[in-house]
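Chemist: Below you'll find the structure I mean.
Numbering (full-length UniProt numbering), first residue to last: 1 to 492.
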């Protein structure tokens, strides 16, 4: 079953028109993270970093775990939308790698400020995520985030998102499928996969693997080595400064000039380190995370497709069982009608005409009694015993098989109606998911192309500036070195 784009796709949810929504939508305000401070809930409690968020005239504060919760909540509310990522959490190994805690590191805090600010603005610019009132509550200084998480619609989400109807309701309430049919992720294989989405999945998985295991990993190494090179340049510049104190006149001045050139290399390398980390390395990390988010969205769509096929299979099975029960019921009714007719005929006394009586019958009362009563009822004790045992066994198996069968027919009919409703809902959801993912993938590809262009320009300009500044510093150092006289080695 190939799923095409739904031409009757529902429009994005209407705006809630709250203060935050007006500030973002009407005021067209950029969301800023203006600072980061340390605070603690109680004097004895551990402190943590809170980030100051400002949109228009509204300002609020949140810690990193709140951003993590927001991203996770939006992903649950919108499983068919590519929700922007937040900066990754540091591993325990990262915390153990340095003497001070990593989250106390100023550069790490600045990096998180930049990436969290990018996350908020990408969510705000999204045509559907930016209108979600949960996102507005996150930016509202009058709302407590923990209370928002415990309230609808987040509190009404099912444990398995495949049970949620994706199409938005008029009242924005979460609707649950009437049947609980979830395909197994590990064992179920699509019977009729969509070739287009299969190709998209393969391409996305390949890009995600390349971004994570190659480009991002190699760029992290470059950034780390640039940081180490800055420290080495600083030590080397100080060493040249100390060496110049032991020399005199032109030699001392030349050594100092070399020291200045090394210090310039240190400063420019540090500037390149900062620029590449913020404008090249971080976008690469973000796109690596985005590639994995796209994988999750495509996997959810595939599971929704599998759910459609599973419901179709169960519905066909239940329909077959219902038809069999109906056929048995019809056969039973015909048999009952036949037996009733035969019993009625057997209860009527036989009609005897004079032609049926032979002369011998006048002299044989026994024969006459036999004609009037052709059947003889056995009343022996063995037959009574077996009849009682049979009735008891029948009552153990089923007191009233006809009533049981009719109940089964009614129950099966109810199940079929629920399955038919669920099938229609999941088919609509699959169309909705395909259309949403199509739009988001187009938006994602356009944004990725723009980001890559900007990243490569930054990469080139940063290296050009680094080389120019270093060249100027070392040219001045060479000019100073040329002033050193050749004495005590006179020219020939």
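For glycine and all other residues, C-beta sits at the position ideal for the given N, C-alpha and C.
1) Assuming residue 257 contacts residue 480 under a Cβ cut-off of 8 Å, what Cβ separation, rounded to an integer in Å, is found between them?
2) Excluding sequence positions up to five away, which residues of its chain have a Cβ less than 7 Å from the Cβ of residue 255?
3) Report yes if the CB atom of residue 494 is closer than 8 Å to the CB atom of residue 298, and no otherwise.
4) Could you work out which residue in 17, 16, 120 is closest to residue 64 when comparing CA atoms only?
5) Could you pull out every unbroken alpha helix (DSSP H) segment of at least 4 residues lying fully inside the stretch 112 to 161, listed in chain order?
6) To the nearest angstrom, how far is the alpha carbon of residue 73 from that of residue 216?
7) Report yes or no: is there a C-beta of chain C within less than 8 Å of the C-beta of residue 283?
8) Identify which residue in 341, 328, 448 has its Cα closest to the Cα of residue 405.
9) According to DSSP, which residues form a beta bridge with residue 61?
10) Evaluate residue 331 with the Cβ neighbour count: other Cβ atoms within 10 Å of its Cβ, from every protein chain shown; 16 or more gives buried, anything less gives exposed.
11) Inspect the beta-carbon positions of residue 71 and residue 86 and report whether they are closer than 8 Å.
12) Residue 473 to residue 30, Cα distance in whole Å?
13) List the residues that DSSP assigns as beta-bridge partners of residue 176.
14) Can you tell which of 50, 266, 32, 34 has its C-alpha closest to the C-alpha of residue 40?
15) Could you pull out every unbroken beta strand (DSSP E) segment of at least 3 residues lying fully inside the stretch 293 to 334, listed in chain order?
16) For residue 460, tell me which candidate among 289, 276, 162 has the shortest Cα-Cα distance.
17) Can residue 183 and residue 303 be called in contact, C-beta distance under 8 Å?
18) If you draw a straight line from the alpha carbon of residue 124 to that of residue 442, how long is it in whole angstroms?
19) Between residue 177 and residue 163, how many whole angstroms is the CB-CB distance? I'm expecting something under 8 Å.
Modeler: Let's see:
1) 4 Å
2) 240, 243, 244, 247
3) Look at the range of the chain in this structure, 1 to 492, and you will see that residue 494 is not part of it.
4) 120
5) 133 to 139, 145 to 149
6) 27 Å
7) Absent from the structure: chain C. Only one protein chain is present.
8) 328
9) 52
10) exposed
11) yes
12) 40 Å
13) 164
14) 50
15) none
16) 276
17) yes
18) 18 Å
19) 5 Å
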